[in-house]
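My numbering numbers the first residue of the sequence shown as 1 and each following residue consecutively.
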Amino acid sequence: MEQYSLARRTVPELFVWHVIEQLSRAVCYPGLGLTPRNLKNGETRAEAGWTPIVHRDINASSIYLEFPNPSDSDWGELEEIDKQCLPRVILGGFEGVGG
């Protein structure tokens with residue numbers, strides 16, 4: 001994100017939609033017990049006995065972006081990043097959550 005800002009470029013729409021989609025999936029599993037496979041199969045109910053976990057504090061500091069092979073990327077060439085990959089979006093901040 002910082003690289004786009006430094007280059008005075010807008011973040012690609014595909015990137016924004018990817019992050020939204022990944023965050024939606026990230027709250028489906030702990031909250032509803034639905035994995036990506038469940039969602040792909042059209043399932044809408046958690047397994048019996050599933051205990052929902054609600055995040056309650058999703059903010060920028062609890063969202064992590066992991067790009068594949070960052071050591072192989074030339075972070076100065078934003079056009080290449082646009083074509084190269086979309087990050088794995090990780091939702092953190094579950095400390096202190098327990099049953």
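Idealized CB from N, CA, C, for every residue including glycine.
Source: prediction; values computed, not measured.
Where residue i sits in the DSSP three-state scheme
| i | result |
| --- | --- |
| residue 37 | helix |
| residue 86 | coil |
| residue 66 | strand |
| residue 11 | coil |
Rounded Cβ spacing between residue i and residue j (contact assumed at less than 8 Å)
| i | j | result |
| --- | --- | --- |
| residue 86 | residue 63 | Rounded, the Cβ-Cβ distance is 14 Å, inconsistent with contact. |
| residue 33 | residue 47 | 6 Å |
| residue 1 | residue 11 | 7 Å |
Nearest-angstrom Cα separation, counted from residue j out to residue i
| i | j | result |
| --- | --- | --- |
| residue 3 | residue 93 | 25 Å |
| residue 95 | residue 39 | 26 Å |
| residue 53 | residue 18 | 23 Å |
| residue 50 | residue 31 | 9 Å |
| residue 65 | residue 5 | 16 Å |
| residue 44 | residue 67 | 30 Å |
| residue 78 | residue 7 | Confidence at residue 78 is low in this model, with a pLDDT of 48, below 50, so its placement is unreliable and the value that follows should be read with caution. So the alpha carbons of these two residues sit roughly 8 Å apart. |
**OP:** Could you tell me whether the region 42–61 touches the region 21–34, using the rule of 3 or more Cβ pairs below 8 Å?
**Re:** yes
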